[in-house]
Amino acid sequence: EAAPPDQDIQTSFGTYKTDYVIQNHVLKYRRMFRIDQRLIPVEQYQEYRSFMKAVRKNDQTKFVFKKT
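Quick note: the sequence shown uses my numbering, first residue 727, plus one each step.
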């Protein structure tokens with residue numbers, strides 16, 4: 727049993743954190759996503775886009791469960 731690595735991404739646009747705990751054959755997943763800046767200046771758009779891509783990639787993490 728292995729959980730994905732925890733994520734902690736903090737930018738001026740927002741914060742994204744996840745953590746996973748496997749205990750007694752139970753997977754606990756916690757996710758926090760906060761947007762702090764509603765208007766993104768054009769010169770920061772690529773950085774914002776990279777942040778959102780990282781969030782999306784992590785949210786699409788797949789889990790494999792084995793029956794024992």
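We put the CB at the ideal spot given by N, CA and C, even for glycine.
In the three-state reduction of the DSSP assignment, D785 falls in the helix class. Here Y755 is not near P730, since their CB atoms are 7 Å or more apart. Beta-bridge partners of Q733 (DSSP): T744. In this model, T744 and D785 are separated by some 9 Å (Cα to Cα).
F789 sits exposed, since fewer than 16 C-beta atoms from the chains shown fall within 10 Å of its C-beta. Under the criterion of beta carbons closer than 8 Å, Q772 and F739 do not qualify as touching, at roughly 12 Å.
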